Structures are given as C-alpha cells and as structure tokens.
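Protein chains: 2
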Amino acid sequence: MTQGDFVTLLVAIGALLALARTLGELLRRFNLPAVLGEILAGIIVGPTVLGMLAPGLQAQLFPATGPVHVTLSGLAELAVVLFLFVAGMEVDLSTMWERGRTTFVISVFSMSVPFILGFSLAWHVPALFEFDISGDRFVFALFLGTCMAISALPVIARTLMDLNLFHTDFGMVIIAVAIFNDLCGWLIFAGILALIGEGRGFPVRMTIPLTLAYAAVMLTGGRWLIHRCLPWFQAHTAWPGGILALGLILALLNGAFTEWIGVHAIFGAFLFGVAIGDSPHLRQHTRNIIREFISSIFAPLFFATIGLKVNFALHFDFTLVTVLFAFACAGKIVGCSVAARVVGMTARESWGLGFALNSRGAMEIVLGLLGLQFGIINERVFVALVVVALGTSIISGPLMQLVLGLKKPRRIGRYLTGRTYVGHLAAGDSLGAIRQLSQAAAAASGLDTEEVVKAVWAREKIMSTGIGDGVAIPHARMRELAAPVVAVGISPDGIDFNARDGEPARIIFLILTPMRDEGAQLEILADISRTFHNADAREQALNARNYTEFLALLNVGDSA
Amino acid sequence: MTQGDFVTLLVAIGALLALARTLGELLRRFNLPAVLGEILAGIIVGPTVLGMLAPGLQAQLFPATGPVHVTLSGLAELAVVLFLFVAGMEVDLSTMWERGRTTFVISVFSMSVPFILGFSLAWHVPALFEFDISGDRFVFALFLGTCMAISALPVIARTLMDLNLFHTDFGMVIIAVAIFNDLCGWLIFAGILALIGEGRGFPVRMTIPLTLAYAAVMLTGGRWLIHRCLPWFQAHTAWPGGILALGLILALLNGAFTEWIGVHAIFGAFLFGVAIGDSPHLRQHTRNIIREFISSIFAPLFFATIGLKVNFALHFDFTLVTVLFAFACAGKIVGCSVAARVVGMTARESWGLGFALNSRGAMEIVLGLLGLQFGIINERVFVALVVVALGTSIISGPLMQLVLGLKKPRRIGRYLTGRTYVGHLAAGDSLGAIRQLSQAAAAASGLDTEEVVKAVWAREKIMSTGIGDGVAIPHARMRELAAPVVAVGISPDGIDFNARDGEPARIIFLILTPMRDEGAQLEILADISRTFHNADAREQALNARNYTEFLALLNVGDSA
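So the sequences go chain by chain: A and B.
Every letter in the first sequence is one number past the one before it in the working numbering, and letter 469, counting from 1, is 470.
Every letter in the second sequence is one number past the one before it in the working numbering, and letter 444, counting from 1, is 445.
Spelled out as structure tokens, the structure:
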C-alpha cells in the first residue's frame, strides 16, 4: 500500500463511519432504526448518489479495485462476522426454554406462514423477480421463504425496551420467539448454502450433517465447556483483556470452521456468540466492551459498505417492493394470529405479536447480502429485500404502540430547554427559588408567572417537596398548559426545602403539567428520582457549567 | 476474496491473535512485558521459525501476496494508528505542566545525551550498521539518535504501578518526563520523515512548518474545541457509542491528514489522542472501552505482524545489538544523573530515574518499523532496535526495584493454592474453623497443625479477628515459616467471629507469616480488606464452586 492509498483508506473509513453515525443518530431522534441511516450513508457516498453527481470523486474515495478496495472489503467481511457474534451474544437460551410450549407454537406459525407465502410467490411467479430460469428455482424459493420468515432480535429487543415491555411476560414471550426464529432462520440458510455449495469445499451430503452436528455440539457441549473454562481464563489472564481476546479469537476461528465446511462464517460466529453469551461467567463489563465497540464501529461500517456495492436507484422496482412488503407483513400477522389463538392470547395481543415479530431489520439485510454474493438473487431482489427489512422495522414500534395502546414513559430531557435551565439560583429560600424557576417556565410556555408561583406554592404548603439527597421537585398542574414544562435550577449553597434527611436542596426541578396529564407528572418525577438517586449524577449536575453539560449527564444516566 | 481466502484470513487473524495473547500472558506472569510475547508470536509463525520448519504451511497461512496479505497488512497499519491513538490518550498534559521546570530539565538531558550518543555512533561508525553510503547519512544518524532518546510511556506507567510508585511525587516526575519525551520524540521523527519526504506529496520546506503548526493547533485550539464539544456529543448522541465513534473517526481523519502532509498517520492519531484524552469530559467508561478493545485486540495484532515481515534469526547481529544496547543504557543513565544533579535529586533517585526512562518498549519498535518501511534502516538495524527496545523494558523494573530498594505489595492470590482452599467449612464455631484451615495450611507448608492452631488461637483470644461484612482473618506469625501461607474457607451458614457489626463470618482467611515478615502480614490484610470491601466480591466468593472460580474473583477485583 502506497502513502496515497493509505490516506485514501483512512479517509474512506473515517468518512463512511462519520456519515453512517451522523445519519444513524439523526434518525434515532425520530425513533427510526439507526441501521436505516447507516445504509443511507453508503447509498449517499456510493454509486447511487455520489457516483451520479461526482463519479470521479466517488471512484477516488472508494476505488473499485486495488489495495484500498481489498482492505475495505476484507474489513467489511470481518465486521459482519463480528456483528453476528454480538447478535448471538444477545441470545438468552434460558428465556426460550422457560416458555417452551408457547415459544414453540408461536415460532412455528410465525415462521411457517410467511415462509410458505414467500416460497409460493417465488415458485409460482418467478417472472416478478426477473428470475433467470437457468438458475435453481427451488433454492431461490427456499431463500425467499427464509427472508420472509426471519425476525431481527436486536431491533425487536430495542422496540420492546422503548415501549417498556421488555421485562413484562408478554415481552419475554416475544423475545423467546425471536430467538427461536433467529436460530431456525440461520439453520435454514445454512442448509441453503450447503445446497448450492457443491464444489465449494464439501459436497452437500456432508455439509448439512456437519452443520447440524456443529450446531448441536456448540449449543450443548461447547456451551458447557465455555462456561467451565471462563473462570479459569478470568483467574489466569489479564482482565478484562484476556476474556475479550478469547471471545474474538474463538468467534473468528468458529467462523473459519463454518466457512470451511461450506456455510458462511457468520453462522459459526453467531452460534459461538450464543454459547458464550449464555454463560453467567461472562461479566457485564466484558460484554459491554465487546458490544459497544462492535456495534458502534464495526456494525455501522458493515452496513454502510452495502450502499457502496449496489446502485439502489437503478435496481429499485416499485412493484416488487410493494408485493414483497405486503407478503411479508401478511405472513407474519396471519401466522401470529393463528398462533395466538392456539396459545390463548387476546386479539389485541396477537396483533402486537405480529407487528413485533414483523421487524426484520439487520438480519434480513445480512441474509440478502449473502444471497447476492452467492448469486441466489440479483440486485433488484436485494434492493427490495433491504427496503422490506427497513420498512417492517420502521412500522413495528408505532403499530405496536397503536394496537396495544401503549405510551413511552416520559423523560425529563424532553421537556427541559436551554431557556428553562437556571445555572445559578440567586434565591435564598424556597419561595424565591420557585419564583425564579416559575419565571423561566412561564417565559418558555407563555403562562403567567404569578399564577404559576401561586399554584406551585399552594402545593408546596400542603407538603414540602424536598425529596432528600439535595433534590427538590416543586410541581403543579396548570389548566392553561397543553404539554408538560420542566425548569431546573442549581443552587450551590442549598435552599431549605424541608427534606426528611435535613439536606438543603441544591438541584431544584419545577414541574408543570396539564390538568389531564395522563401520568406525565408521575413519570417525570420517577425519572428525576431514578436519575438523581446516583451521587455521581448529583455531583455532575452541580458542576455542570451550562445547559449542554447538564443535558449530557441526563443522557448518560439514561443509557447506563 | 474467495471462500478459501476468507477462511485463510479468519484463521490467520485468529491464530496470530491467539498465539500473541497466550505468549503475552505467559510472559506477564514472569513480570516481562506482554509486547515481548506478542512479537515472539509473530517470529514463531513468521519466516524466522515456521518458515524454516514448514515453509509450505507458513506460505499458506500467511501468504506474501494476494487479498489475504493486503487485508492483513491494511489491518496492521490501521492497528498501529489506533494503538498510537490510545497511547496519546494516556498522556496527561497537566501532569507535565505542573512540574514544569523539573520536567523540562530532566527531559532535555535524558533525551539529548542518548540522542548525541546515538547520532555520533551512526555518524562516525556507519560500517557497524552496514550503512549503504549512497543513502543519506545525516537522516540515518538523526533517526538512530531519536531511537536512543525515546521512552515508552505505557511501559513506564505500568512499571511504576507495579512498584506502587505511580501516585508518588517521584513517580509523577517520571511520568511527566516520559510524556515530554514522547511528544519530542514523535516531533523529531516527524521532522525526519519530512526530510526524506521530498516527492511524497509535499516538499520538505512545507511539511515541517505544516507539522509544527498542526501540532501547535491540535494541542491548544483543537484541545479546547474537543473539550467544548464533548458534552454536546454526550448530550445528543447514543451513549457511549457516539463518543466512541467520534473518537475513532477523528483519530483516523487526523491520521489521514498527517499522512497526507508527508509525516506518518500515527502522528496525527497520537496528537489527537493527547487532545481528547486530556478532556475530563471523556468519561472513564468510554476511555475503558476504547483502551481495552484496542490494546487487547489491535495492539497484539500489530506487534505480531512485525514478526511476519522480518526474519529475526537471519538479521540478528550480536555485535550491533550489544553496542546499541550499551549506548542506549549509558545515554539514559548518564543523562538522568546529570539532570538529577541540576534539580537536586539523590544519587539513588537519579539511578532510579535513569532505569525508568530507559524503557523503550513499544514506541521504539513502532519507530523502528517505520524507519524500515521508509528505507532509513535495513533489517539488521531493525532487529537490533527491537531487541534493544525489549531488553531495556525488561531490565527497567527489576533494576529500579534494586536501586530504590522497593518491593511490590503482596497480594493474597500469590500465597493461596488449591490445597489451601476449603470450599465448605464444616465447623460451627471459630476454633473449629481455625482448626480446619490450620490443617490445610499445615499440609501445604509442612508445619505442625497443633502448633498453628495454638498460635492462631492465642492471637484470636487477645482480640477477635472478625472484621465485619462477614469476613474474618485469624492470623499468626510462625517461627518455622520461610514465606507466608494463606488458607481460605467458606462457611455458608456463617461462624461467629465476634465482629463489631454482629455479622457471622462466611469467608475466613487464615494468614500465617514468618517472624521476620517485612510487612507481609499487613499487606495481605490490606489486600483482603480492599478486595472484600466490595459486596459483589463477597457474594461471588460465597458462590464460587471451586478454587478457580475463587481465584477468578480475586483477579477481577485486582484490575477493576
């Protein structure tokens, strides 16, 4: 690699990652999946957009041959292997076993119905896909069925967390089914690869039994062995670096094994991830390092490179996308409603289940890309599959909210603005502090300051709102308000809010909610209490020098 | 990349990393630097050993051309950029400024003396290096001087931590000097690259001013800007993924910039690391993820690939190695003793300073590799520099211990064995527990059980050793003992050891030390108290199912 090549490589990776992350973050704000932004980044700097506008620059930044191209492709291939390793780590087999029968029934229906729909469509209407008749129609139909049947565990888990459903019984059933579907989906795909694998290393009559044997061994003996060995590595190697390296090394070597026997490397990495992720000996700290680094760096890089490979505008086929989308959604929803009847769920729940499992997200995209690489599908079908994967993921959360009648819990950050942040409260007593915060809240919401003070003070006199640990939360409901308003003030010297622990309040929140606030006040109070229960968070709040620093601390408390 | 290539790539990375980490961990046990093991791994699977024994296998695993070779080389180049980014993050500029004058004086002498020695050697005895007279002798002499002058901050920091000197005043002076030396060393090297850079992008009269301007801007305005922007990113992006990605993206882009202006990419990554690492807004959690992942995965991979490039046996020159080693050590030690006189340190301290700064570790290896790549030195000189780098790092710790009369604090794990671990104490009272543990300790050390019980019980009667939180530490000094012996017993039901908090003891350590124990008892007690102060650690100790699981928890507590 020459100096020029190396500059190109660094800029290419840096720019791709920067755009992918930026778009991912932007979309996350609108509750859209980050993977959509990451793929868009590739589309923008790939042949679809930049290649049209400035083909010279595009070819210079992302050359189609030469050492930069080889390194970037190699990196993307490694990235997808590591991404599947992390996806496997999220799989908790015990969740699945605990709800054995329910999981099994729902899984069978929620996979078989869309699988049969997809298979039939591909088998009976090959012309829709412009399918080359010389290819193997059976393999193609199997593949399309699998694409329709698969679910995306990471997206589903994320949606459930957003909706506060993750730790409910209903949420756990969904997760268990998604795990089962993931495992089955990849097994079927391994079978497909084995079918087309003739000549690539092993004959099919060996690849399929080898794959099944490998999966069985890894999920039983391998899992047991890893669980037994982890404490030894923890005891005898640098921590957490030793376990970290062990995980990655074995993920790569398991990937090499499955690639060698004729299915893809992601299969081995995924199953090894399941096996190691299941062990309670893998500590949270080590998990976090692996997950954060791979999902913040390698995964966006991989998804962004997809846009570099395919021209999305050229291969976009509206009819195909619409048909596939309709079949995908119908399959999952019908399958789930049948299953829900069998296990005795309500109609509402069956719709919720259907919309939840309908997310195909990253998994279908990876599957589609491999299908493209192995020549099972063409670019048109690939583009359609990507659109279906993203579309089903996008509608999943909102539709679940709708049919289950759920709301996301409200957070303080959403109602706080730079105008309602008072970095230094001048007042020396509680009434003065309430007045100063009321001014800020009134200015931001158009209310009358005096009325706010009156309402809040009336509430304060009934029962003091000093909740201890130096935090006070004066609040009131205001008839004129349409949405909640929160103001926060910092008082370095502390103001007596008559807290039980006798501590003067240093962080004071003023919370105004509408008369019909539908639980907003409670949720905001709960959020404040949870965030500032932490002594570090309180100290950082006192040291924040401006609104952004204060917001930063809320965001950290959020994800921690 | 074909399927076969991808298998090779996965196996090559997996095997290289596995061997590098295994040897690194092995050497760490003998207090040798891990980087030595990582380089040895490359030497073993590279042309030096495997290439001699099984050239066919070696060429198949690590091909010298083709996509696997290109990807692996590209990955190694990225890895060294990221390694220098992390090295920069460890640099704390305020440590340097706080001890301004002392740092400056020691730095000047500790760099200039070895630099002059190295420069003169190269200039006056080029034949020693088999220096090609057609090359640029001035550049070569500058380069060799820099190699003699540089220190390795990470190795030095690690040695100081091992010796419990890191948080002392003396330790901070050493760190400050090492930081200054690192900065100067890389600046000089940037100058050298600029000198030989004619035709590579920019002319030298532009590269040098550009580099200096870049360094100045990054360490002042850039640093300020990063510090100002971090809270915004923390507040408005996913945490910690957003900051993680930001750090890596900017490290790569800064690397691209310095590579483009004609010095190497590592320079930009290093300086950006300094700038971002200095900000208190970069939280510990994010730092840990970056540092652990890069230093556990990318750094070993980079150092291992060095052995793939060069045949170390073929290019080993005993005379050259000996001369360079002597010049390197003499330069640092003389320089430091002169400096120590100027700032008023004792002779002992000046020797300690000299041995500490004599570690060249990873930094000189990176420098040597770049010198080799840019054609400044040949393989013989490169191999000699690697040996000097490793040799000076290895002798640093032991020699400092010797001249400063230091000992490492003793840890429990060192004195505990499988034979002295009693997973389930059957006894119901303290005397019974002491007897059972005494049996285990006596069996392991050859003492008489009854004498041990007598001594420990005598101590116990004077003052009970229940230290609360369910931990008890009966102990005694034994005349017949040469080294400490520790036994530990777990009692799920708890045994009354008369603790202040009234809790029965569930984890009981029996500690026997020699009469002249030189502080061993105290250090072991302190270690137990620190480790088991943590409620998690206590719970894990109770749940440990065997000796290895118990040891694992000690090791985690250790690095956390």
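Note that the Cβ used here is the ideal one computed from N, Cα and C, for glycine as well.
Since we're looking at a predicted model, the values are computed, not measured.
(message) Run through the DSSP bridge pairs and tell me what Met479/B is partnered with.
(response) Mapped onto the second sequence, residue 479/B falls at position 478. Answer is Pro515/B, bridged to Met479/B.
(message) Please report whether the beta-carbon of Glu293/B lies at a distance below 8 Å from any beta-carbon of chain A.
(response) Numbered from its first residue, the second sequence carries residue 293/B at position 292. Yes, Glu293/B lies at the interface with chain A (some Cβ there is under 8 Å from its Cβ).
(request) Jot down the residue ranges of each uninterrupted alpha helix (DSSP H) in the region 495 to 551 of chain A, minimum 4 residues, whole runs only, in chain order. (result) Segments of the alpha helix (DSSP H) lying fully in the region 495 to 551 of chain A: 521 to 532 and 536 to 544.
(request) Can you pull the chain B residues whose beta carbon is under 7 Å from the beta carbon of Met53/A, in chain order? (result) Here the question's residue 53/A lines up with position 52 in the first sequence. Within chain B, no residue comes near Met53/A; the closest Cβ sits about 25 Å away, beyond 7 Å.
(message) Please classify Gly52/A as buried or exposed, where buried requires at least 16 other C-beta atoms within 10 Å of its C-beta.
(response) Numbered from 1 along the first sequence, position 51 holds the residue referred to as residue 52/A. With 16 or more other Cβ atoms within 10 Å, it is buried.
(message) Would Thr238/A pass as an interface residue toward chain B - the criterion being a Cβ-Cβ separation below 8 Å?
(response) Numbered from 1 along the first sequence, position 237 holds the residue referred to as residue 238/A. Yes, because at least one Cβ of chain B sits closer than 8 Å to the Cβ of Thr238/A.
(request) Check each residue of the region 354 to 387 of chain A: if its Cβ is closer than 9 Å to any Cβ of chain B, include it; give the result in chain order. (result) Cβ contacts with chain B come from no residue of the region 354 to 387 of chain A.
(message) Measuring only the C-alpha atoms, how far is Gly256/B from Val106/A?
(response) Counted from its first residue, the second sequence places residue 256/B at position 255. Counted from its first residue, the first sequence places residue 106/A at position 105. The alpha-carbon atoms of Gly256/B and Val106/A are separated by roughly 54 Å.
(message) By the 7 Å beta-carbon criterion, what residues does the region 220 to 248 of chain A contribute toward chain B?
(response) Pro232, Trp233, Gln235, Ala236, Thr238, Ala239, Trp240, Pro241, Gly242, Gly243, Leu245 and Ala246
(message) Between the alpha carbons of Gly336/A and Gly406/A, how many angstroms are there, rounded?
(response) Here residue 336/A corresponds to residue number 335 of the first sequence, with the count starting at 1. Here residue 406/A corresponds to residue number 405 of the first sequence, with the count starting at 1. Going by the C-alpha atoms only, they are around 22 Å apart.
(message) Beta carbons nearer than 7 Å to chain A: which residues of the region 4 to 32 of chain B have them?
(response) Gln4, Phe7, Val8, Leu10, Leu11, Val12, Ile14, Gly15, Leu18, Ala19, Arg22, Glu26 and Arg29
(message) Using the three-state DSSP reduction, which class does Val486/B fall into: helix, strand or coil?
(response) On the second sequence, residue 486/B is found 485 positions in, with the first residue counted as 1. Reduced to three states, the DSSP call for Val486/B is strand.
(message) Run through chain B and tell me which residues come within less than 8 Å of Glu260/A, C-beta to C-beta.
(response) Along the first sequence, one-based indexing puts residue 260/A at 259. In chain order: Gln4, Phe7, Val8 and Leu11.
(message) Output needed for Met219/A: all residues of its chain with C-beta closer than 7 Å, excluding positions within five of it in sequence on either side, in chain order.
(response) The residue you call residue 219/A lines up with position 218 of the first sequence. Same-chain partners within the cutoff: Leu272, Phe273 and Ala276.
(message) Assuming contact is defined by CB atoms lying nearer than 8 Å, are Ala77/A and Phe294/A in contact in what I supplied?
(response) Mapped onto the first sequence, residue 77/A falls at position 76. Mapped onto the first sequence, residue 294/A falls at position 293. Contact flag unset, no.
(request) Measuring only between beta-carbons, confirm whether Asn556/A sits less than 8 Å from chain B. (result) The sequence position of residue 556/A within the first sequence is 555, counting from 1. Yes, because at least one Cβ of chain B sits closer than 8 Å to the Cβ of Asn556/A.
(message) I need the straight-line Cα distance from Trp261/B to Thr3/A, nearest angstrom please.
(response) Counting from one through the second sequence, the residue named residue 261/B turns up at place 260. Counting from one through the first sequence, the residue named residue 3/A turns up at place 2. One C-alpha to the other measures close to 11 Å.
(request) For Ala314/A, name the three-state secondary structure that DSSP assigns. (result) One-based indexing of the first sequence puts residue 314/A at position 313. In the structure shown, Ala314/A falls within a coil segment according to DSSP collapsed to helix, strand and coil.
(message) Check whether the region 142 to 152 of chain A and the region 358 to 374 of chain A touch, using three or more Cβ-Cβ pairs below 8 Å as the test.
(response) yes
(request) Using a Cβ-Cβ cut-off of less than 7 Å, give me the residues of the region 39 to 72 of chain A that come near chain B, in sequence order. (result) Pro68, Val71 and Thr72
(request) State yes or no: is the beta carbon of Glu91/A nearer than 8 Å to at least one beta carbon in chain B? (result) Locating residue 91/A in the first sequence gives position 90, where the first residue counts as 1. Judged by the 8 Å Cβ criterion, Glu91/A is not in contact with chain B.
(request) Tell whether a beta-carbon distance below 8 Å holds between Glu248/A and Val92/A. (result) The residue you call residue 248/A lines up with position 247 of the first sequence. The residue you call residue 92/A lines up with position 91 of the first sequence. According to the sequence shown, residue 248/A is Gly rather than Glu. The criterion of a C-beta distance shorter than 8 Å is not satisfied by Gly248/A and Val92/A.
(request) Measure from the alpha carbon of Leu448/A to the alpha carbon of each residue in Lys333/A, Val382/A, Pro515/A and Leu73/A, then state which is nearest. (result) As a working mapping, residue 448/A is identified with position 447 in the first sequence. Among Lys333/A, Val382/A, Pro515/A and Leu73/A, the Cα nearest to that of Leu448/A belongs to Pro515/A.
(message) Can you tell me whether Pro301/B is helix, strand or coil according to DSSP?
(response) Indexing the second sequence from 1 puts residue 301/B at position 300. Three-state DSSP puts Pro301/B in a helix.
(request) Could you have a look at Gly376/A and say whether DSSP puts it in helix, strand or coil? (result) If you number the first sequence from 1, residue 376/A lands on position 375. Three-state DSSP puts Gly376/A in coil, outside helix and strand.
(request) Determine, using beta carbons only, whether Glu78/A comes closer than 8 Å to chain B. (result) Taking the first residue of the first sequence as 1, we reach residue 78/A at position 77. At least one chain B Cβ lies under 8 Å of Glu78/A.
(request) Measure the Cβ-Cβ separation of Phe181/B and Thr147/B and say whether it is below 8 Å. (result) On the second sequence, residue 181/B is found 180 positions in, with the first residue counted as 1. On the second sequence, residue 147/B is found 146 positions in, with the first residue counted as 1. No, the pair does not count as a contact, with Cβ atoms beyond the cut-off.
(request) State the DSSP-derived secondary structure class of Ile14/B, mapped to helix, strand or coil. (result) Position 13 of the second sequence, counted from the first residue, corresponds to residue 14/B. In the structure shown, Ile14/B sits in a helix (DSSP, three-state: H, G or I).
(request) Would you be able to state if there are at least three C-beta pairs under 8 Å between the region 221 to 232 of chain B and the region 169 to 179 of chain B? (result) no
(request) Tell whether a beta-carbon distance below 8 Å holds between Gly471/B and Arg501/B. (result) The sequence position of residue 471/B within the second sequence is 470, counting from 1. The sequence position of residue 501/B within the second sequence is 500, counting from 1. In this structure, Arg501/B does not lie closer than 8 Å to Gly471/B by Cβ.
(message) Let me check understanding here. Comparing Cα to Cα, which of Glu380/B, Ser360/B, Ile291/B and Gly269/B lies closest to Phe318/B?
(response) Residue 318/B sits at position 317 when you count from the first residue of the second sequence. The residue you asked about is not Phe; residue 318/B is Asp in the sequence shown. Cα-wise, what sits closest to Asp318/B is Glu380/B.
(request) List the DSSP bridge partners of Val423/A. (result) Position 422 of the first sequence, counting from 1, holds the residue named residue 423/A. Partner(s): Gly490/A.
(request) Report the residues of the region 257 to 281 of chain B with a CB closer than 7 Å to any CB of chain A, ordered along the chain. (result) Ala257, Glu260, Trp261 and Ala266
(message) Suppose contacts are defined by Cβ-Cβ distances below 8 Å. Is Val69/B in contact with Ala13/B by that definition?
(response) The count along the second sequence starts at 1 and reaches residue 69/B at position 68. The count along the second sequence starts at 1 and reaches residue 13/B at position 12. Against a cut-off of 8 Å, the Cβ pair of Ala13/B and Val69/B comes out as a contact.
(message) With three or more C-beta pairs closer than 8 Å as the rule, is the region 204 to 217 of chain B touching the region 382 to 392 of chain B?
(response) no
(message) Using C-beta distances below 6 Å, list every residue in its chain close to Asp559/B, excluding the 5 sequence neighbours before and after it, in chain order.
(response) Here residue 559/B refers to the residue found at position 558 when the second sequence is read from its first residue. Residue placement at Asp559/B is poorly supported in this model, since its pLDDT is 44, which falls under 50; the coordinates still yield a value, given next. So no residue of the chain qualifies.
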